[in-house]
Amino acid sequence: VVVKFKPQLKLSGTCHPYPAVDTNGDINAGMKPSWGIFDRCDGSDLGYGMGHSNVWEYAIIWIDNPDLESPTIKSVTLQSDEDTTEKHAPVDSKYIDGTSFRVNFAYGDNETGRLPGSDYLGATPRRGEDSSEQHFRLFTTVR
Numbered sequence: 004v005v006v007k008f009k010p011q012l013k014l015s016g017t018c019h020p021y022p023a024v025d026t027n028g029d030i031n032a033g034m035k036p037s038w039g040i041f042d043r044c045d046g047s048d049l050g051y052g053m054g055h056s057n058v059w060e061y062a063i064i065w066i067d068n069p070d071l072e073s074p075t076i077k078s079v080t081l082q083s084d085e086d087t088t089e090k091h092a093p094v095d096s097k098y099i100d101g102t103s104f105r106v107n108f109a110y111g112d113n114e115t116g117r118l119p120g121s122d123y124l125g126a127t128p129r130r131g132e133d134s135s136e137q138h139f140r141l142f143t144t145v146r
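Residue numbers (my numbering): 4 to 146.
Okay, structure coming up:
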């Protein structure tokens, strides 16, 4: 069920997120801060951190019943590093692609109306990559 409902991730002006916890359960120390927004920010295995070495952002996909033959998404909760929570209940069909919820991982600035210097998660109608194509697990990220 977890694999079936994994989110799609669209990156917008930010870096690739990376796992904070490895397969052995070890926690990554994170990155040294950098003041250049896109320094070392091209999909390398290092990622990026500005002002902090790690951040916990997540998407929770709530389904009706995992025991059903065809469970459906009932709601979605997204939490970002500026301490904002975005809730979708019911979920608008424009954010769904099959069994995947479309999530945008973007960099805040005056144009987006989000806190400059922070990354955030938000729903998007734009198609992204499924999470197995990105370098992260379950939206537990290190930059």
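Backbone N, C-alpha and C fix where the C-beta goes; we use that ideal spot for every residue, glycine too.
Note that the structure is predicted; figures quoted are calculated from it, not measured.
In the displayed model, K13 falls within a strand according to three-state DSSP. Under the criterion of beta carbons closer than 8 Å, F104 and K13 do not qualify as touching, at roughly 11 Å.
Under the DSSP assignment, F108 falls in the beta strand (DSSP E) whose first and last residues are 103-110. In terms of Cβ geometry, L81 and L124 form a close pair [threshold 8 Å].
The alpha-carbon of I64 is positioned some 22 Å away from that of Y110.
In this structure, the beta-carbon distance from S73 to P93 does not fall below 8 Å. Residue range 122-126 is occupied by the beta strand (DSSP E) that includes D122. Contact check for I66 against I99 fails: the beta carbons are separated by 8 Å or more. Under the DSSP assignment, S78 falls in the beta strand (DSSP E) whose first and last residues are 76-82.
Bridge pairing for W65: S78 [DSSP].
When DSSP states are grouped into helix, strand and coil, K7 belongs to the coil group.
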